[in-house]
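**Q** So the sequences go chain by chain: G and X. Everything in the first sequence is counted per the working numbering, starting at 1007 for the first residue and increasing by one. Everything in the second sequence is counted per the working numbering, starting at 40 for the first residue and increasing by one. Quick reminder that beta carbons are idealized off the backbone N, C-alpha and C, glycines included. My structure is below; once you've seen it, I'll send some questions.
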Amino acid sequence: MATPEKQEILSLLKEVCDPEVPVLTILDLGIVRDVKINGDEVEVIITPTYSGCPAMDAISIDIRLKLIEHGYKNVKISFTLSPAWTTDWMSEEGKRKLEAYGIAAPHRSDTLRRDERIACPQCHSNDTKLLSQFGSTACKALYQCNECKEPFDYFKCH
Amino acid sequence: MNQQINFTLSLADTTLILAQRNSEWCAHGPILEQDIAITNISLDLLGQARNFYQHAAHLIGSPATEDSLAYLRTEREFKNLLITELPNGDWAQTILRQFFFSVYQSLLYTQLLQSKDEQLAAIAEKSLKEITYHIKWSSDWVIRLGDGTAESQQRMYKAIEYLWMYTGEFFIPADYETTDLSAMEREWSLKVKDVFEEAGLIMPEKIFMQQGGKTGNHTEHLGFILAEMQSLQRTYPGAQW
Ligand SMILES: [Zn+2]
């Protein structure tokens, strides 16, 4: 059970968003692994989505600023690699927000080695095609809908 | 300890140099989607390299940093595989190298999951999901070009002829390597053969294999890469963004 102080910090972290997909908070994304309070020091442990994710530096700065703004002067951000981040840690609310934003939400990560039908976030048709395994950021693939013809991003499972 | 540092540096150098090579395609890819794909792969490799360099810097201790290890070591100190430093050539050569490398990388990192060095195991675990996408993408391209037009197939054969002699180095252990590379070699050949068969390409015969990268004996190409990559830090030491 999280202490009241930890709860408060977690609710502050809900206000920190992914700079590349700003509808998702870092909690939705599932990259906050733990919050530890050691005396007056607050340690936030995060894990990167992809090894080369350039958003990690921006996210650490945003976490620090958010906590300092609310009176936590001694903030430490730590990184952990294992267990490796998976899109299965994304919250259900996060997935709904992604779809509403026009990005298809990730399927379960055990589909990583299979080709899956991805539904169009605009018209919900299952008749879509993969244009490129690699999209505008490391975490996305590019699809097109054969029904409404719109191209769209898929937050690929990981 | 030395063995562990050298091994970690070899993993770092190999991923960094291939990232650097692939990034040369940025704004030069054959079509926009593939330009983005190869640069995304480059970014994954760079991220993996940073993780390995940070770990190596931690093992070596102060004043080593990830930046000093990447920017201030000389050609003879770099332990990357020769195949990563070769020029990109055409698209066939680039995607074939990526395919050969990604298959090798996935087998090696799968072994690293059992490493006594927990941080190496964690980096391997993290990287393996990325590599799965790299294999998927590059093998699709090998099949597409191999089973494409007469021109695309001929370019694949040219790429095979150029690259094949550099694939042996994957499995020739350096004195700092303790992984079982001979079992890996069989698995690598099987996977490559599968994709080649689907692509309608014939596997080359056993030939003389180049080696030396793992111990710092490089082709003439590495010096040029380092000159470009390191010039800023060497001209303005300690410069930061
Ligand atoms: Zn649609």
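So, for X:M248: in the same chain, excluding its five sequence neighbours on each side, which residues have a beta-carbon less than 6 Å away from its beta-carbon?
**A** Counting from 1 along the second sequence, the entry for residue 248 of chain X is found at position 209. Within the same chain, X:M248 has close Cβ partners M204, G207.
**Q** How about G:F1158 and G:A1111: are their beta carbons less than 7 Å apart?
**A** Sequence index remark: in the first sequence, residue 1158 of chain G carries index 152 (1-based). Sequence index remark: in the first sequence, residue 1111 of chain G carries index 105 (1-based). Here G:F1158 is not near G:A1111, since their CB atoms are 7 Å or more apart.
**Q** What residues from chain X crowd round G:G1108, counting only those whose CB sits closer than 8 Å?
**A** Against the first sequence, residue 1108 of chain G aligns to sequence position 102. Within chain X, no residue comes near G:G1108; the closest Cβ sits about 18 Å away, beyond 8 Å.
**Q** Any idea if X:C65 is buried or exposed, counting beta-carbon neighbours within 10 angstroms, 16 or more meaning buried?
**A** Position 26 of the second sequence, counting from 1, holds the residue named residue 65 of chain X. Counting Cβ neighbours within 10 Å, X:C65 comes out exposed, since fewer than 16 surround it.
**Q** With a threshold of 7 Å between beta carbons, is G:Q1139 in contact with chain X?
**A** What you label residue 1139 of chain G is simply residue 133 of the first sequence in a count that begins at 1. G:Q1139 counts as touching chain X.
**Q** Would you say the beta carbon of G:E1105 comes nearer than 6 Å to a heavy atom of ligand 1?
**A** Taking the first sequence and counting its residues from 1, one reaches residue 1105 of chain G at position 99. Answer for G:E1105: no, Cβ out of range of ligand 1.
**Q** With 8 Å as the limit, tell me which residues of the stretch 1056-1070 of chain G have their beta carbon closer than that to any beta carbon of chain X; keep them in chain order.
**A** Y1056, S1057, G1058, C1059, P1060
**Q** Less than 7 Å between the beta carbons of X:Q158 and X:H94, yes or no?
**A** Position 119 of the second sequence holds residue 158 of chain X. Position 55 of the second sequence holds residue 94 of chain X. Yes, the pair counts as a contact, with Cβ atoms nearer than the cut-off.
**Q** Give the interface partners of X:N90 over in chain G, defined as CB-CB distance under 8 Å, in chain order.
**A** Start at 1 with the first residue of the second sequence, and residue 90 of chain X comes out as number 51. The answer, in chain order, is S1057, L1087.
**Q** Listed by chain order, which residues have C-beta atoms less than 6 Å from any heavy atom of ligand 1?
**A** G:C1126, G:Q1128, G:C1129, G:S1131, G:C1151, G:E1153, G:C1154, G:E1156
**Q** Using a C-beta to C-beta distance shorter than 8 Å, which residues of chain X count as neighbours of G:H1164?
**A** Reading the first sequence from its first residue, position 158 is the one you call residue 1164 of chain G. Those within 8 Å of G:H1164 in chain X are K168.
**Q** Relative to chain X, which residues along the stretch 1024-1042 of chain G have a C-beta separation below 7 Å, given in chain order?
**A** none
**Q** Any residues in the stretch 1143-1154 of chain G with a beta carbon nearer than 7 Å to a beta carbon of chain X? Which ones, in chain order?
**A** Taking 7 Å as the Cβ-Cβ cut-off against chain X, the residues of the stretch 1143-1154 of chain G that qualify are A1144, L1148.
**Q** If you drop the 5 nearest sequence neighbours on each side, which residues of the same chain put their C-beta closer than 7 Å to that of X:E164?
**A** If you number the second sequence from 1, residue 164 of chain X lands on position 125. Cβ neighbours of X:E164 beyond the five flanking positions: L152.
**Q** Could you pull out every unbroken alpha helix (DSSP H) segment of at least 4 residues lying fully inside the stretch 162-216 of chain X, listed in chain order?
**A** 189-202
**Q** Secondary structure at G:K1039, three-state DSSP: helix, strand or coil?
**A** Position 33 of the first sequence, counted from the start, is the residue given in the question as residue 1039 of chain G. Residue identity differs from the one stated: residue 1039 of chain G is Arg in this sequence, not Lys. Three-state DSSP puts G:R1039 in a strand.
**Q** With a threshold of 6 Å on Cβ separation, who are the neighbours of G:T1055 within its own chain once the five nearest residues in sequence on each side are excluded?
**A** Translated into the one-based positions of the first sequence, residue 1055 of chain G becomes position 49. Hits under 6 Å: W1091, C1145.
**Q** With 7 Å as the threshold, decide whether the Cβ of X:Y172 is near any Cβ in chain G.
**A** Translated into positions along the second sequence, residue 172 of chain X becomes position 133. It does: the Cβ of X:Y172 has a partner Cβ on chain G nearer than 7 Å.
**Q** Are G:C1163 and G:C1126 closer than 7 Å when you measure CB to CB?
**A** Here residue 1163 of chain G refers to the residue found at position 157 of the first sequence. Here residue 1126 of chain G refers to the residue found at position 120 of the first sequence. Result no, Cβ atoms of G:C1163 and G:C1126 do not sit closer than 7 Å.
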